[in-house]
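Right, one structure below, let's go through it.
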Amino acid sequence: TAFKGTSAVVGMSLRNELRGKRSNPADWYKYMQQGAQAVNDANPDVLVIMSGLNYDADLKFLASKPVSLSFTNKIVYEMHWYAFTDGNAWEKMPVDTLCQSVTARINDHLAFVTKTLSPPAPLFISEFGIDER
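29 is the number that the UniProt record's numbering gives to position 29 of the sequence shown; each next residue is one higher, with no gaps.
Next up, the structure:
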């Protein structure tokens with residue numbers, strides 16, 4: 001409730017980059033929905049930003065089971081994409097082939113929330129980039 005009534009705060013992200021062997025859709029639904037509802041109850045003026053699994057690169061599980069909350073018009077999904085997500089494929093594969101593969105994966109695992117999810121929701125690309133080492 002620290003930012004309740006602060007118009008410059010437009011959204012709150014629940015958890016960044018869920019990952020690891022113990023991350024799974026069942027726990028995601030349980031805890032992310034609890035968190036989303038708690039944020040909305042405490043501050044109904046903000047958007048609720050929900051990260052996916054696998055370093056925020058997978059929301060595919062939502063295609064078969066959308067979230068179930070008392071509100072839907074304030075959910076924003078979040079994704080991350082880095083060039084190193086694909087290892088050294090950028091050095092080994094033809095660029096057109098890799099771009100097609102990456103685009104298909106992003107559409108299948110993430111971007112579908114903007115079109116085919118019921119109801120469709122915004123997608124926030126909150127982290128992206130290249131390895132500059």
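Every residue, glycine too, gets a C-beta built ideally from N, C-alpha and C.
Does the segment 59-79 come close enough to the segment 106-125 that 3 or more CB-CB pairs lie under 8 Å?
-> The segment 106-125 is in contact with the segment 59-79.
Opposing strand residues paired with H80 [DSSP bridges] | Counting from one through the sequence shown, the residue named residue 80 turns up at place 80. Per DSSP, E127.
Start and end of the alpha helix (DSSP H) containing G35?
-> For this step, residue 35 is matched to residue 35 along the sequence shown. Under the DSSP assignment, G35 falls in the alpha helix (DSSP H) whose first and last residues are 25-42.
Using DSSP with H/G/I as helix, E/B as strand and the rest coil, what is L69?
-> Counted from its first residue, the sequence shown places residue 69 at position 69. Three-state result, L69: coil.
Using a Cβ-Cβ cut-off of 8 Å (strictly less than) and excluding sequence neighbours within five positions of L123, which residues of its own chain qualify?
-> The residue labelled residue 123 in the question sits at position 123 within the sequence shown. These residues qualify, in order along the chain: V76, Y77, E78, M79, L110, A111, V113, T114.
Could you tell me the distance, in whole angstroms, from the CA atom of P66 to the CA atom of S118?
-> What you label residue 66 is simply residue 66 of the sequence shown in a count that begins at 1. What you label residue 118 is simply residue 118 of the sequence shown in a count that begins at 1. Rounded to whole angstroms, P66 to S118 spans 7 Å at the Cα level.
What do you reckon, is the C-beta of L18 under 7 Å from a heavy atom of the ligand FMN?
-> In the structure on display, the ligand FMN does not appear, and there are no ligands present to speak of.
Mind checking N24: buried by the 16 CB within 10 Å criterion, or exposed?
-> What you label residue 24 is simply residue 24 of the sequence shown in a count that begins at 1. Under this definition N24 is an exposed residue.
S51 - containing beta strand (DSSP E), residue span | If you number the sequence shown from 1, residue 51 lands on position 51. From DSSP, the beta strand (DSSP E) with S51 extends over 47-51.
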